[in-house]
Amino acid sequence: SELKLWGGRFTGKTDPLMDWYNASLPFDQKMYNADLDNSKYYTEGLLKAGLLSQDELSEIHRGLEVIRGEWASGSFVEKDGDEDIHTANERRLGEIIGRHIAGKVHTGRSRNDQVATDMRIYCREALEDMGKILCDLIRAILQRAETEIDVLMPGYTHLQRAQPIRWSHWLNLYASYFTEDFKRLQQIKERLNLSPLGCGALAGHPYGIDREYIAGKLGFDGCIGNSLQAVSDRDFVVEILFWCSLFMNHVSRFSEDLIIYSTAEFGFVKLSDAYSTGSSLMPQKKNPDSLELLRGKSGRVFGSLSGFMMSLKSIPSTYNKDMQEDKEPLFDALVTVEHSILIATGVISTLAINKEKMFNALTMDMLATDLADYLVRKGVPFRETHHISGEAVSKAEKLNLSGIDKLTVEQYKEIDSRFNSDVVDVFDFEASVERRTATGGTAKSAVLKQIETLKKQILKI
Ligand code: ARG
6 SELKLWGGRF TGKTDPLMDW YNASLPFDQK MYNADLDNSK YYTEGLLKAG
56 LLSQDELSEI HRGLEVIRGE WASGSFVEKD GDEDIHTANE RRLGEIIGRH
106 IAGKVHTGRS RNDQVATDMR IYCREALEDM GKILCDLIRA ILQRAETEID
156 VLMPGYTHLQ RAQPIRWSHW LNLYASYFTE DFKRLQQIKE RLNLSPLGCG
206 ALAGHPYGID REYIAGKLGF DGCIGNSLQA VSDRDFVVEI LFWCSLFMNH
256 VSRFSEDLII YSTAEFGFVK LSDAYSTGSS LMPQKKNPDS LELLRGKSGR
306 VFGSLSGFMM SLKSIPSTYN KDMQEDKEPL FDALVTVEHS ILIATGVIST
356 LAINKEKMFN ALTMDMLATD LADYLVRKGV PFRETHHISG EAVSKAEKLN
406 LSGIDKLTVE QYKEIDSRFN SDVVDVFDFE ASVERRTATG GTAKSAVLKQ
456 IETLKKQILK I
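Residue numbers (the UniProt record's numbering): 6 to 466.
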């Protein structure tokens, strides 16, 4: 226990399995930059409070940069007793600049406010990077929506053919989900950007340190106002895990649509070889594994959210070691989402569509609502026209006709005298789509407007 930073009061050795069980260095070393920045600016605060000399500060800063270089190049040598990234960096700093000066860095700081601060810095940067690749995904979708604006396809409810829509309208659906995700990400980033540093283990700082000054240097918007909360709070981790889960929920639905559209029965889209795999037995198979993994990994991310909430729910106030369990689910979710965004971007940018199949899947019964609307335009109440249009559907069926467009004008007049020869204008898919001009609709003008609106909400690159 001599090796251990907290070893002073201990006489017995810890069990080796306990050392391993307790350690977080294998997974928290990815926060090395945040931890070094933490010490860099915390010591500036110590200087300001008269607890360090300028020479000592310079030595500390020199040592921290040596350590940063070691982590970056992969040459940092881990030693027994390096429990986590905080103890590893502190031990190494002592070796580089001498224990006398290095030993002053932790004055008034606890690993409790230290780890809470590192996590917020790490998360802030991870979300920043996530936002950028998410905007690339949105741009890739909007790009297709623009170039393939003329393609029509069936829109579905209950997976039953419902009404004709533009393929771009379907694309915009997911561009909209992902844009909301992007906006939500910014809000979480803003909310978490407060500094816990300078709260010590739980009770606050005894040397009148200027927390706001340190927070500003670390790029925070302010300080957490209660020292107990500063070390207790991991709600930002929960929020990020929720964000990841909801995003994966959207990705999963997006994938599910495309899996269905890529079956031979639909044949609307064809996945590029780059994102498909074959079967070890059936030579003809081309499977949408990328989409299935996007769908499947959503389960894993939801698991991280619910698992960590379980860990958190009964922890007494302030720091308890359970809180170290925030890291693995968070890091795993962040990596999974990052890869999922990149794969989804690849899939959507390389997908081939079959316009003819999409158009040929449109059937005249999908214009039954438009037929009802035709009479509405002649002043008939919708409830009545709905009924009349239903009669036309059933009459066409009874006469064994291929669709409601095959009934003659006379047959229409038999159903209702308010039908005229202009009823034939109803049976046009393009015209049906083009009537939906109101905001949010599937007419070309409305779809283009949605694309413009979405573009304005994402990063401009
Ligand atoms: N590795 C720890 C964690 O991730 C750092 C905080 C340790 N604090 C303590 N009081 N043991 O939570």
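Note that beta-carbon positions come from the ideal geometry of N, C-alpha and C, so glycine has one too.
Reference residue i; option with closest CA among the options
i	options	result
A279	G408, I193 and V352	V352
Y37	E95, Q148, N425 and V274	E95
F271	C140, L199, L164 and T350	L164
residue 523	G74, Q329, I193 and L339	Residue numbering for the chain in the displayed model covers 6 to 466; residue 523 lies beyond these limits and cannot be assessed.
F307	Q329, L246, T355 and S319	L246
V110	A448, Y266, K332 and L10	L10
D24	L69, D87, Q34 and T122	D87
E396	V414, T413, R382 and A373	A373
A39	K18, I90, V82 and L22	I90
F183	T152, P169 and C249	C249
I463	D331, A93, E49 and I143	I143
D410	F387, D375, G160 and R423	D375
residue 523	E64, G213 and G108	Only positions 6 to 466 of the chain appear in this structure, which leaves residue 523 out of reach.
M369	D421, R104, T390 and D430	D430
R423	G79, V385 and L41	V385
M315	R67, F225 and V242	V242
L62	H105, E75 and K35	H105
L139	T112, Q168 and F187	F187
M363	Q329, V274, R116 and K45	V274
E195	G227, L57, G12 and I101	G227
S309	T341, P288 and S354	T341
Q455	W175, G113 and F225	W175
G103	E64, F81, M287 and A93	E64
S237	I170, E100, F81 and M328	M328
Separation of residue j from residue i, as counted between CA atoms
i	j	result
Y417	A443	29 Å
D134	K465	14 Å
Q192	E244	10 Å
R441	N325	57 Å
L299	F32	24 Å
Y47	L202	8 Å
L69	K291	52 Å
K318	S29	21 Å
S407	V398	10 Å
N177	F387	29 Å
T447	E435	10 Å
G108	H66	14 Å
M253	E185	13 Å
K45	G445	51 Å
L223	R129	11 Å
A220	L199	8 Å
L132	L190	7 Å
For residue i, three-class secondary structure by DSSP
i	result
L157	strand
I463	coil
C228	strand
T112	coil
I214	coil
V82	coil
I358	strand
A167	strand
S345	helix
N43	helix
S422	coil
residue 510	Here the chain covers residues 6 to 466 and nothing more, so residue 510 does not appear.
K454	helix
N292	strand
V340	helix
V414	helix
T16	coil
S200	strand
V274	strand
T184	helix
T323	coil
L139	helix
T282	strand
M23	helix
Assumed close pair residue i, residue j - CB separation to whole angstroms, cut-off 8 Å
i	j	result
A366	M158	7 Å
V256	A349	6 Å
S232	L207	6 Å
G205	D118	6 Å
V414	V428	6 Å
P293	I264	5 Å
K403	L412	Actually they do not touch by this definition, with Cβ atoms about 11 Å apart.
P334	F313	5 Å
E151	W172	The Cβ separation is near 12 Å, so there is no contact.
L147	K460	6 Å
Cβ-heavy atom distance, residue i to ligand 3, below 6 Å
i	result
D155	The model depicted lacks ligand 3 and carries ligand 1 instead.
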